[in-house]
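When we follow the UniProt record's numbering, the leftmost residue of the sequence shown carries the number 1, and every step to the right adds one.
For each residue, glycine too, the CB sits at the ideal point set by N, CA and C.
Written out below as C-alpha coordinates is the structure these notes cover.
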Amino acid sequence: MAQEARLKLRMQKELKLLLVDPPHGASFPTLSSQSNITDLSSIHAQIGLEETFYSKGIFKIKIQIPKRYPLQLPIVTFGTPIYCSNIDNGGRICLDILNI
1 MAQEARLKLR MQKELKLLLV DPPHGASFPT LSSQSNITDL SSIHAQIGLE
51 ETFYSKGIFK IKIQIPKRYP LQLPIVTFGT PIYCSNIDNG GRICLDILNI
(Lines of atoms letter the chains of each structure in order from A; the text may use other names.)
(Lines give C-alpha, C1' and ligand atoms only; values in the text may rest on other atoms or scores of the structure.)
Protein backbone atom coordinates (compact mmCIF):
# COMPACT_ATOMS: atom_id res chain seq x y z
CA MET A 1 0.00 0.00 0.00
CA ALA A 2 1.39 3.40 -0.93
CA GLN A 3 2.41 5.78 1.84
CA GLU A 4 -0.27 8.30 0.82
CA ALA A 5 -3.02 5.65 1.01
CA ARG A 6 -1.82 4.57 4.47
CA LEU A 7 -1.85 8.19 5.60
CA LYS A 8 -5.42 8.62 4.36
CA LEU A 9 -6.59 5.48 6.20
CA ARG A 10 -4.83 6.59 9.37
CA MET A 11 -6.38 10.07 9.14
CA GLN A 12 -9.87 8.55 8.69
CA LYS A 13 -9.31 6.52 11.85
CA GLU A 14 -7.99 9.55 13.76
CA LEU A 15 -10.92 11.73 12.62
CA LYS A 16 -13.46 9.12 13.70
CA LEU A 17 -11.80 8.84 17.12
CA LEU A 18 -11.73 12.62 17.51
CA LEU A 19 -15.46 12.82 16.78
CA VAL A 20 -16.51 9.83 18.90
CA ASP A 21 -14.19 10.35 21.86
CA PRO A 22 -12.70 13.87 21.88
CA PRO A 23 -10.08 14.83 24.47
CA HIS A 24 -11.55 15.90 27.81
CA GLY A 25 -12.58 19.55 27.67
CA ALA A 26 -12.38 19.81 23.87
CA SER A 27 -14.93 19.82 21.08
CA PHE A 28 -14.61 20.37 17.36
CA PRO A 29 -17.79 22.09 16.11
CA THR A 30 -16.66 22.36 12.48
CA LEU A 31 -15.60 18.71 12.09
CA SER A 32 -17.92 15.97 10.94
CA SER A 33 -17.59 12.49 9.51
CA GLN A 34 -17.88 14.17 6.08
CA SER A 35 -14.89 16.46 6.71
CA ASN A 36 -12.23 16.44 4.02
CA ILE A 37 -9.47 14.48 5.73
CA THR A 38 -6.95 15.50 3.09
CA ASP A 39 -7.30 19.13 4.24
CA LEU A 40 -7.27 19.20 8.01
CA SER A 41 -4.67 21.94 7.96
CA SER A 42 -6.85 24.26 9.99
CA ILE A 43 -9.65 23.39 12.38
CA HIS A 44 -11.64 25.23 15.00
CA ALA A 45 -11.65 23.74 18.45
CA GLN A 46 -13.54 24.66 21.56
CA ILE A 47 -11.27 23.91 24.46
CA GLY A 48 -11.26 24.58 28.15
CA LEU A 49 -12.53 22.67 31.11
CA GLU A 50 -15.57 24.12 32.84
CA GLU A 51 -14.79 26.74 35.46
CA THR A 52 -11.41 27.58 33.95
CA PHE A 53 -10.22 30.72 32.21
CA TYR A 54 -10.43 28.95 28.84
CA SER A 55 -13.92 27.45 29.15
CA LYS A 56 -16.20 28.28 26.23
CA GLY A 57 -13.24 29.67 24.27
CA ILE A 58 -13.12 29.08 20.52
CA PHE A 59 -9.58 28.80 19.23
CA LYS A 60 -8.34 28.39 15.67
CA ILE A 61 -5.76 25.63 15.65
CA LYS A 62 -3.57 24.82 12.68
CA ILE A 63 -2.50 21.21 12.38
CA GLN A 64 0.11 20.34 9.79
CA ILE A 65 0.13 16.61 9.11
CA PRO A 66 3.45 15.47 7.61
CA LYS A 67 3.53 12.85 4.86
CA ARG A 68 5.39 10.52 7.25
CA TYR A 69 2.68 10.67 9.96
CA PRO A 70 2.52 8.90 12.45
CA LEU A 71 6.30 8.38 12.35
CA GLN A 72 6.74 12.14 12.24
CA LEU A 73 4.65 14.21 14.65
CA PRO A 74 2.16 16.82 13.42
CA ILE A 75 2.95 20.48 14.01
CA VAL A 76 0.21 22.19 16.00
CA THR A 77 -0.01 25.97 16.37
CA PHE A 78 -2.67 28.31 17.70
CA GLY A 79 -3.97 30.82 15.16
CA THR A 80 -6.02 32.58 17.82
CA PRO A 81 -3.95 34.56 20.33
CA ILE A 82 -3.97 32.75 23.66
CA TYR A 83 -2.22 33.50 26.92
CA CYS A 84 -0.68 30.34 28.28
CA SER A 85 2.78 29.75 29.69
CA ASN A 86 3.16 26.78 27.32
CA ILE A 87 2.26 28.71 24.13
CA ASP A 88 4.71 31.24 22.66
CA ASN A 89 3.77 34.49 20.87
CA GLY A 90 3.76 32.67 17.52
CA GLY A 91 1.17 30.15 18.76
CA ARG A 92 3.68 27.31 19.01
CA ILE A 93 3.35 24.81 21.84
CA CYS A 94 6.40 24.98 24.10
CA LEU A 95 6.29 21.71 26.00
CA ASP A 96 9.47 19.65 26.10
CA ILE A 97 7.35 16.50 26.24
CA LEU A 98 6.34 17.13 22.60
CA ASN A 99 9.96 16.75 21.49
CA ILE A 100 10.18 12.98 22.00
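Query raised in the report: Of all the options R68, G90 and L17, which has the alpha carbon lying nearest to the alpha carbon of R6?
Result: R68
Query - Same chain, Cβ closer than 6 Å to G57, neighbours up to 5 away in sequence not counted - result: G48
Report task. Would you please state the rounded distance, in angstroms, between the beta carbons of I61 and F78? I believe it to be under 8 Å. Result -> 6 Å
Requested in this report: Return helix, strand or coil for R68, following the three-state DSSP convention.
Outcome: coil
Query raised in the report: Using a Cβ-Cβ cut-off of 7 Å (strictly less than) and excluding sequence neighbours within five positions of Y54, which residues of its own chain qualify?
Result: I47 and G48
Report task. Could you have a look at Q46 and say whether DSSP puts it in helix, strand or coil? Result -> strand
Requested in this report: Assign I75 to buried or exposed, taking buried as 16 or more other Cβ atoms, counted over all protein chains shown, within 10 Å of its Cβ.
Outcome: exposed
Query - Per-residue DSSP class, three states only, for A2 - result: coil
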